[in-house]
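To keep things clear, I will list the structure first and then write my remarks on it.
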Amino acid sequence: MAIPKDYFAWAARQFDSARIHEKPEALRGIRVLDLSVIYFGPATADFLGELGAEVIKVEMPGQGDVTRILGNASFFWKNVSVAFFCANHSKYHVGIDMHRSAGQELIRQLATRSDVVVENFKAGTLEEKFGIGYRQLRELNPRLIYVANTGFGQWGPFSRGRASYDGLAQAVSGLTAITGDGEVPTKIGNYLGDWFGASMSALGVLAALRWRDRTGEGQFVEMAQCEGLLRAMDWTWLYAGLTGRDRAKAGNGDHVFSPAGVYRCSDGYVAMVAGTDGEFRSLCRLIGQAGLAKDPRFASRASRREMAHARALEVAIGAWCARRTRAQVEAAARKAGIAAAPVMTAKDQIDDPHLRARRSVWEHDDPVYGQMVECGPAPKLSATPARIKWAGKPVGFHNEFVLRSVLGLDSERIRALYAEGAIGRWAEGRRGAGPPEGWKGEGALE
65 MAIPKDYFAW
75 AARQFDSARI
85 HEKPEALRGI
95 RVLDLSVIYF
105 GPATADFLGE
115 LGAEVIKVEM
125 PGQGDVTRIL
135 GNASFFWKNV
145 SVAFFCANHS
155 KYHVGIDMHR
165 SAGQELIRQL
175 ATRSDVVVEN
185 FKAGTLEEKF
195 GIGYRQLREL
205 NPRLIYVANT
215 GFGQWGPFSR
225 GRASYDGLAQ
235 AVSGLTAITG
245 DGEVPTKIGN
255 YLGDWFGASM
265 SALGVLAALR
275 WRDRTGEGQF
285 VEMAQCEGLL
295 RAMDWTWLYA
305 GLTGRDRAKA
315 GNGDHVFSPA
325 GVYRCSDGYV
335 AMVAGTDGEF
345 RSLCRLIGQA
355 GLAKDPRFAS
365 RASRREMAHA
375 RALEVAIGAW
385 CARRTRAQVE
395 AAARKAGIAA
405 APVMTAKDQI
415 DDPHLRARRS
425 VWEHDDPVYG
435 QMVECGPAPK
445 LSATPARIKW
455 AGKPVGFHNE
465 FVLRSVLGLD
475 SERIRALYAE
485 GAIGRWAEGR
495 RGAGPPEGWK
505 GEGALE
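All residue numbers in the sequence shown are consecutive under my numbering, ending with 510.
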């Protein structure tokens, strides 16, 4: 095959989204037992599933994961809250009642045949209440990698008996304290503590798998939600440790570069940064005020960052942007060598040709839920691309398939487990748990 001389044509061929499903998967052969709920744990398993791991999601029969009925409560897609789908791609769904001894035994059997277990219960719950924590399961499977995602960790003064939500993690991490531009601490608009923490624990799993390849030994991977965000706080800690002071808020500005901000255009907003002296001079010419580059207030990057000086620049740039569309500002800035990009909404992104070309907008036709438009995997791998295979499924949708193919149970034993309540499916009429109205068995696995 001829290699294109143009680098960008070559890169596009390497990552050709039309060939994703033809290529192998990096984690194929790795089985993940997902015992978690909401986002922090399910997203860890979801990331591993995108990379090719086989993920078995265990839910309580009847209602299942609470995100099936949470999220944007005003919008359910074919009987399920949209909050559920984003962290439950490509998983096999089984309904097991862990409160019953037979259900606990099924978890043990699945764990002995798995490479990874993911849970996000309060610290110690699975061990002390259900007898299926790390110490019990490692006796059955010494190669097991056990992931415990919690708000504050498995040990320390904050760990015992404490639940956590994303807002608490943002608060404890210090993220809330530095967000916004007023005196009131401000929480950011999504569950970053869940999603970033999940990506960090998935990274821990990859390291643990590599260690197991070398030694044959599994291990305990522990991830505190707040500490994931702590690790993302860049220079905040070092500054406080060296100066004894907390960093100031920057709002839509920046502590390093000025001008840097979000500016109103005639049809929305655009973000723009002039990071070097040369870029600043280009920006001054672009907005028709070349003389600003010679103004002593703006002579250096440090002087441009002074609050009063930065505000003066914001006013000048804002006035220029206000008379133009986002596309006009972005095009003019790019031509001048200045970094600029539109402030996009999700609706903008779904129609964005760049994101579609990169398969970050992932459309697929699910046999149960029909046409889906989802956020595709973030890391792009040329040889073993990540992928979404199917959407999340109803509670217990794959019970028979998993119990037969993984545990080797026969029909008689499966019927007995149903009869005693150890396993189950969705509760009829329970919103969020079952298949869409009119479902006729499409997508079911034998």
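All residues carry an ideal CB built from backbone N, CA and C; glycine is no exception.
Pair every Cβ in the segment 126-134 with every Cβ in the segment 194-202, then say whether three or more of these pairs are closer than 8 Å. No, because fewer than three Cβ pairs between the segment 126-134 and the segment 194-202 fall closer than 8 Å, the two stretches do not touch.
Check the C-beta distance from residue 481 over to residue 174 and give it rounded, since I have them as a contact under 8 Å. Indexing the sequence shown from 1 puts residue 481 at position 417. Indexing the sequence shown from 1 puts residue 174 at position 110. The Cβ separation is near 13 Å, so there is no contact.
Spatial neighbours of residue 450 in its chain, beta-carbon cut-off 7 Å, leaving aside the 5 residues before and after: Taking the sequence shown and counting its residues from 1, one reaches residue 450 at position 386. Once the five neighbours on either side are set aside, the close Cβ partners of residue 450 are 114, 115, 441, 443.
Can you give the beta carbon distance from residue 334 to residue 386, rounded, assuming they're within the 8 Å contact cut? Within the sequence shown, residue 334 is the residue found at index 270, counting from 1. Within the sequence shown, residue 386 is the residue found at index 322, counting from 1. Taking the Cβ atoms as the reference, residue 334 lies roughly 11 Å from residue 386, outside the contact range of under 8 Å.
Tell me the residue span of the beta strand (DSSP E) that contains residue 406. Along the sequence shown, read from residue 1 onward, the residue named residue 406 stands at position 342. Taken as a continuous stretch (DSSP letters only), the beta strand (DSSP E) holding residue 406 covers 403-406.
For residue 428, which three-state DSSP category applies? One-based indexing of the sequence shown puts residue 428 at position 364. Residue state, collapsed to three classes: strand.
Please classify residue 125: is it buried, with 16 or more other beta-carbons within 10 angstroms of its beta-carbon, or exposed? Position 61 of the sequence shown, counted from the first residue, corresponds to residue 125. With a 10 Å radius around the Cβ and a threshold of 16 neighbouring Cβ atoms, residue 125 comes out buried.
Which whole-angstrom value describes the C-beta separation of residue 127 and residue 491, a residue pair presumed to lie in contact below a C-beta threshold of 8 Å? Here residue 127 refers to the residue found at position 63 when the sequence shown is read from its first residue. Here residue 491 refers to the residue found at position 427 when the sequence shown is read from its first residue. The Cβ separation is near 7 Å, so the contact holds.
Could you pull the start and end residues of the beta strand (DSSP E) that residue 214 belongs to? As a working note, residue 214 is residue 150 in the sequence shown. Per DSSP, residue 214 is one residue of the beta strand (DSSP E) stretching across 209-214.
Just mark residue 368 as buried or exposed, buried being the case when its beta carbon has 16 or more other beta carbons within 10 Å. Residue 368 sits at position 304 when you count from the first residue of the sequence shown. Residue 368 should be labelled buried.
Select from 242, 320, 318 the residue whose C-alpha is nearest the C-alpha of residue 301. Sequence index remark: in the sequence shown, residue 301 carries index 237 (1-based). Ranked by how close their Cα comes to the Cα of residue 301, the residues 242, 320, 318 have 242 in first place.
Which word fits residue 85, buried or exposed, when buried means at least 16 other C-beta atoms lie within 10 angstroms of its C-beta? By one-based count along the sequence shown, residue 85 stands at place 21. Exposed.
What does the alpha-carbon distance come out to for the pair residue 477 and residue 412? Residue 477 sits at position 413 when you count from the first residue of the sequence shown. Residue 412 sits at position 348 when you count from the first residue of the sequence shown. In a straight line, the C-alpha of residue 477 is about 51 Å away from that of residue 412.
Quick check on this structure: which residue in 278, 98, 142, 223 has the alpha carbon closest to the alpha carbon of residue 123? As a position in the sequence shown, residue 123 is number 59, starting the count at 1. Of the candidates 278, 98, 142, 223, the residue whose Cα lies closest to the Cα of residue 123 is 98.
Would you decide whether residue 295 is buried or exposed? Buried here means 16 or more other CB atoms lie within 10 Å of its CB. As a working note, residue 295 is residue 231 in the sequence shown. Residue 295 should be labelled exposed.
Relative to the C-alpha of residue 149, which residue among 433, 479, 475, 505 is closest? In the sequence shown, counting from the first residue as 1, residue 149 sits at position 85. For residue 149, the closest of 433, 479, 475, 505 by C-alpha to C-alpha distance is 433.
Would you mind working out which of 419, 374, 157, 260 sits nearest residue 319, comparing C-alpha positions? Taking the first residue of the sequence shown as 1, we reach residue 319 at position 255. Comparing alpha-carbon positions, the option among 419, 374, 157, 260 lying closest to residue 319 turns out to be 374.
In the DSSP assignment, the beta strand (DSSP E) including residue 328 goes from what residue to what residue? Counted from its first residue, the sequence shown places residue 328 at position 264. Note, residue 328: beta strand (DSSP E), 324-329.
Any idea what DSSP makes of residue 348, helix, strand or coil? Along the sequence shown, read from residue 1 onward, the residue named residue 348 stands at position 284. Secondary structure of residue 348 (DSSP, three-state): helix.
If you measure between the beta carbons of residue 262 and residue 223, is that distance less than 9 Å? The residue given as residue 262 occupies position 198 in the sequence shown. The residue given as residue 223 occupies position 159 in the sequence shown. Result no, Cβ atoms of residue 262 and residue 223 do not sit closer than 9 Å.
Determine the closest residue to residue 431 out of 142, 111, 468, with distance taken between C-alpha atoms. Translated into the one-based positions of the sequence shown, residue 431 becomes position 367. For the residues 142, 111, 468, the minimum Cα distance to residue 431 belongs to 142.
Along the alpha helix (DSSP H) that carries residue 422, what are the first and last residues, could you check? Here the question's residue 422 lines up with position 358 in the sequence shown. Per DSSP, residue 422 belongs to no alpha helix (DSSP H) and is neither H nor E.
Assuming residue 283 is part of the beta strand (DSSP E), what are its boundary residues? Along the sequence shown, one-based indexing puts residue 283 at 219. Looking at the DSSP string, the run of the beta strand (DSSP E) that includes residue 283 is 283-288.
Applying the 10 Å Cβ sphere with the 16-neighbour rule, what's the burial state of residue 206? Residue mapping note: residue 206 aligns to position 142 of the sequence shown, counting from 1. Exposed, because fewer than 16 other Cβ atoms sit within 10 Å of the Cβ of residue 206.
As a quick exercise: from 119, 426, 258, 506, pick the residue whose alpha carbon is nearest that of residue 105. Taking the first residue of the sequence shown as position 1, residue 105 is located at position 41. Closest by alpha carbon: 258.
Around the Cβ of residue 499, are there at least 16 other Cβ atoms within 10 angstroms (buried) or fewer (exposed)? Locating residue 499 in the sequence shown gives position 435, where the first residue counts as 1. Counting Cβ neighbours within 10 Å, residue 499 comes out buried, since at least 16 surround it.
From the DSSP output, in three-state form, read off residue 229 for me. As a working mapping, residue 229 is identified with position 165 in the sequence shown. Taken through DSSP and simplified to helix, strand or coil, residue 229 comes out as coil.
Report yes if the C-beta distance between residue 151 and residue 103 is below 9 Å; otherwise report no. The count along the sequence shown starts at 1 and reaches residue 151 at position 87. The count along the sequence shown starts at 1 and reaches residue 103 at position 39. Result yes, Cβ atoms of residue 151 and residue 103 sit closer than 9 Å.
Can you give me the Cβ contacts of residue 92 inside the same chain, cut-off strictly under 7 Å, excluding the 5 residues immediately before and after it? For the purposes of this step, residue 92 is identified with residue 28 of the sequence shown, where counting begins at 1. Contacts found: 116.
Taking the C-alpha atoms as reference points, what is the distance between residue 237 and residue 298? The count along the sequence shown starts at 1 and reaches residue 237 at position 173. The count along the sequence shown starts at 1 and reaches residue 298 at position 234. The alpha-carbon separation between residue 237 and residue 298 amounts to approximately 12 Å.
Taking three-plus beta-carbon pairs below 8 Å as touching, is the segment 312-330 in contact with the segment 265-281? Contact fails between the segment 312-330 and the segment 265-281, because fewer than three Cβ pairs, one in each stretch, are under 8 Å apart.
Quick check on the burial criterion: 16 or more other C-beta atoms within 10 angstroms. Buried or exposed for residue 216? Here residue 216 refers to the residue found at position 152 of the sequence shown. In this structure residue 216 is buried. Its beta-carbon is surrounded by 16 or more other beta-carbon atoms within 10 angstroms.
The ligand FAD heavy atoms versus the CB of residue 292: any closer than 8 Å? Of ligands this structure carries none, so the ligand FAD is not represented either.
Tell me the residue span of the beta strand (DSSP E) that contains residue 392. Numbered from 1 along the sequence shown, position 328 holds the residue referred to as residue 392. From DSSP, residue 392 is part of no beta strand (DSSP E) but of the alpha helix (DSSP H) over 390-399.
How is residue 140 classed by DSSP in three states: helix, strand or coil? Walking along the sequence shown from the start, residue 140 turns up at place 76. Reduced to three states, the DSSP call for residue 140 is strand.
With distances taken from CA atoms, which of 121, 403, 255, 94 is nearest residue 289? Position 225 of the sequence shown, counted from the first residue, corresponds to residue 289. Measuring from the Cα of residue 289, the nearest candidate turns out to be 255.
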